[in-house]
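Structure first, commentary second.
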Amino acid sequence: CVLVWCFSQVKGAVDDDVAEADIISTVEFNHSGELLATGDKGGRVVIFQQEQENKTQSHSRGEYNVYSTFQSHEPEFDYLKSLEIEEKINKIRWLPQKNAAQFLLSTNDKTIKLWKISERDKRPEGYNLKEEDGRYRDPTTVTTLRVPVFRPMDLMVEASPRRIFANAHTYHINSISINSDYETYLSADDLRINLWHLEITDRSFNIVDIKPANMEELTEVITAAEFHPNSCSTFVYSSSKGTIRLCDMRASALCDRHSKLFEEPEDPSNRSFFSEIISSISDVKFSHSGRYMMTRDYLSVKIWDLNMENRPVETYQVLGENHFECCWNGSDSIVMTGSYNNFFRMFDRNSKRDITLEASRENNKPRTVLKPRKVCASGKRKKDEISVDSLDFNKKILHTAWHPKENIIAVATTNNLYIFQDKMN
Amino acid sequence: MDTMFVRGLKRKCFDGEEDIEGTLAGIKAVPSYNLQRQSLLDMSLVKLQLCHMLVEPNLCRSVLIANTVRQIQEEMTQDGTWQMINAQNTGQASLDRLVSTDILCRSSGDQAEGKHVPAYGTFNKDFESDQAQDGSETMSTASSVQAPRNLQSNMWEEMENPQENKGNFQKSLDQIFETLENKSPNSVEDLFSEVDNSYYDLDTMLTGMMTNTKMGHCDSLETFSSPTNTASNSNCKSDLNDLDHIVEILVES
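Residue numbers (the working numbering), protein chains in the order written: chain Z, -10 to 414; chain D, 3 to 255.
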């Protein structure tokens, strides 16, 4: 079945003059899909919450509205190297909800933080020693005792940093991934991957180190890493050379030797000077089932079966580059990735059909059906098609996210967050 | 000649003189390929140097560009096409140019004058040894300045000092990566104070930097852009812009 997509909402400033701090740098749904978090270049996290479904309006799902905004990271200065450390949020990952509060990990280039987001909709009133405004009462004036009671108040959402995991990365952190044990997580930079315990901030274990003894021999960097969704000892990391390595932490403390190496042999007839650059993998994501993983490189999205290392089982063509992400839908039947010109692409793995859609302000009436776009080779343009020459390469959709249970997607252009949902009849 | 041209384009593996001739014929028939390759190489080298200038360089990007540079340099050593570029530079190759662009590759610590000589010497050694390997007779203008050498003895010299030869290109990359690791802002000004931004200076720097790489697997003579471009005679500047555009997109600068 081919989904038909409708515009739902757009967040962010309307004008074309984009403040650099507002550039969206990461998008992530939580495990239930009720919360949607974005991080930006200014170090802020904005969390949207889905409204409860309106039973009378059966043809639309709840809207996402701002739930909490907080400054996660500030710019820092590394005095030793005379370098400024950007506050840009590179990744956000949610922890599964265990109690009333929500927890997420957010990271910039160097420091990972665990944030607790909690609601307060009641406050205690009737203290014995304090007035309502907080001033202390003169104890001699206290003649009776009373038990404070909770009274409702306007909902307040508070974000507080619970853990700060710092000073463990020499290079820029590109990934964080929470283990299925929900106790540990990994963080990966260009050359190393570290394992942390969520409770312990003063140390981490290095589990992958690809830094050569001589930096002059450096030819490959880590581009992304992720834990397996079910197997708590398994993780993968992708490289700039187009390889994916699967490692098992039970094999040894330092997982420099992979358990599996996924690499598609290069077609020699396709070799060019750009072969090196275009094979670099920008993102790797396990399917929800854990059976497959998806990689994104310059020209394609590839689906790999974990049982087969020598080539992907599916390949879908799409234009991209070094930092495009990709994602799965909840049932692992559709994969999505962003492209240029504010286009994003979806590939239905069962029907083998694909669709190209555009995130643009032109279609921003709720429930407007998105018209599929078509990109053609230069010189052969038909009506309504866009020639590849006229693609705006500055308008990139780097970050996309799919609701874990429903057909709701969040797509980030430079500074706007678009939410689309499938057409419900 | 026509058949040789066709053969040069289609063959994947060069394993004899016959193929070398085919290659050369192929090269001559597709000048824009070499020009584009040279442009890409020069541009990549500039971008690598620009990485020095960034407050905090992107390691992934630098590695990708450096690998591309290495790949081009290996191919150019393989098929000896940089001899053609030297022919274009007739009358321009001089020790001064090599010196100035050699400085481009260094951090401030290494800017002793004595260091210039090895690069120049290496250039000639590499060139001579490659000549011996592929049997071509084209001479660069730089080596023509020197007295003709015994090719055999050159090969021995080069084999005796493999480290030095290997070292130069590696050293430049090494410096780049070291600088990425230990950023010292002052070196950037020194690096760029000597830079001559002309196209051919970078070209000369390349030849000064080239090492003797392993004569390994065969490399196919491919046009790197789409097939429709092979026959085009687009001029150097527009190719340069297109290439720059492509590389910028690829590495997202």
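In this text, a Cβ means the ideal position worked out from N, Cα and C, and glycines have one as well.
Query: Span separating the alpha-carbon of Z:Thr232 from that of Z:Asn352; Result: 39 Å
Query: Chain Z contact residues for D:Val65, given Cβ-Cβ distances below 8 Å; Result: Leu207, Thr208, Glu209, Val210 and Ser229
Query: Cβ distance (whole Å) where Z:Pro201 is taken to contact Z:Ser169 below 8 Å; Result: The pair is not a contact, with the Cβ atoms about 32 Å apart (cut-off 8 Å).
Query: Three or more C-beta pairs below 8 Å linking the region 10 to 17 of chain Z and the region 378 to 394 of chain Z; Result: yes
Query: Separation of Z:Asp343 from Z:Met335, as counted between CA atoms; Result: 6 Å
Query: Same chain, Cβ closer than 6 Å to Z:Leu380, neighbours up to 5 away in sequence not counted; Result: Tyr329 and Asn330
Query: Bridge partner(s) assigned by DSSP for Z:Glu108; Result: Z:Val146
Query: Boundaries (first-last residue) of the beta strand (DSSP E) holding Z:Met335; Result: Phe332 to Asp337
Query: Z:Ala8, enclosing beta strand (DSSP E) - first and last residue; Result: First-last for Z:Ala8: undefined, no H or E at that position.
Query: DSSP beta-bridge partners of Z:Asp191; Result: DSSP output for Z:Asp191 lists no bridge partner at all.
Query: Alpha carbon of Z:His161 to alpha carbon of Z:Ser276, nearest angstrom; Result: 26 Å
Query: Proximal residues to Z:Ile196 (C-beta, below 6 Å), its chain only, five neighbours per side dropped; Result: Ile182, Leu184 and Cys244
Query: Residue-chain proximity (Z:Ile196, chain D), Cβ-Cβ < 8 Å; Result: no
Query: 8 Å Cβ shell around Z:Ser320 - same chain, five flanking residues per side excluded; Result: His277
Query: Nearest-angstrom Cβ-Cβ length linking Z:Lys360 and Z:Glu374, presumed shorter than 8 Å; Result: That belief does not hold up - the Cβ atoms of Z:Lys360 and Z:Glu374 are roughly 12 Å apart, past 8 Å.
Query: Straight-line Cα distance separating Z:Ile211 from Z:Asp6; Result: 34 Å
Query: CB of Z:Ala157 within 8 Å of CB of Z:Tyr226, strictly; Result: no
Query: Z:Thr132: CB within 7 Å of a non-hydrogen atom of the ligand NAP; Result: Absence of the ligand NAP from the depicted structure is noted, as is the absence of any ligand whatsoever, leaving it without description.
Query: Amino acids of chain D, ordered along the chain, whose beta-carbon sits closer than 8 Å to that of Z:Ser269; Result: Cys62 and Leu66
Query: Buried/exposed call for Z:Gln306, threshold 16 Cβ in 10 Å; Result: exposed
Query: Contiguous alpha helix (DSSP H) assignments of at least 4 residues, all confined to the region 169 to 233 of chain Z; Result: none
Query: Opening and closing residue of the alpha helix (DSSP H) in which D:Gln75 lies; Result: Leu61 to Asp81
Query: Chain-order list of residues whose beta-carbon lies under 7 Å from that of Z:Asn405 (same chain, five-residue window excluded); Result: Val(-1), Lys0 and Gly1
Query: C-alpha gap between Z:Asp122 and Z:Ala10, whole angstroms; Result: 37 Å
Query: Exposure label - Z:His392; buried when at least 16 CB within 10 Å; Result: buried
Query: Under 9 Å (Cβ pairs) to chain Z, residues found in the region 68 to 82 of chain D; Result: Ala68, Asn69, Thr70, Arg72, Gln73, Ile74 and Glu77
Query: Cα-Cα separation, Z:Lys102 to Z:Glu255; Result: 40 Å
Query: Exposure of Z:Gly32, with buried meaning 16 or more beta-carbon neighbours within 10 Å; Result: buried
Query: Extent of the continuous alpha helix (DSSP H) to which Z:Ser264 belongs; Result: Ser264 to Ile267
Query: Collapsed DSSP secondary structure at Z:Pro254 in the structure displayed; Result: coil
Query: Cβ neighbours of Z:Gly51 in the same chain (closer than 8 Å, five flanking residues each side left out); Result: Gln39, Glu40, Gln41, Glu42 and Asn43
Query: Exposed unless 16 or more other CB atoms sit within 10 angstroms - verdict on Z:Arg416; Result: Because residue 416 of chain Z is not part of the residues shown, which for chain Z are -10 to 414, the question remains open.
Query: Pick from Z:Glu172, Z:Thr133 and Z:Pro64 that is closest to Z:Ile189, judged by C-alpha positions; Result: Z:Glu172
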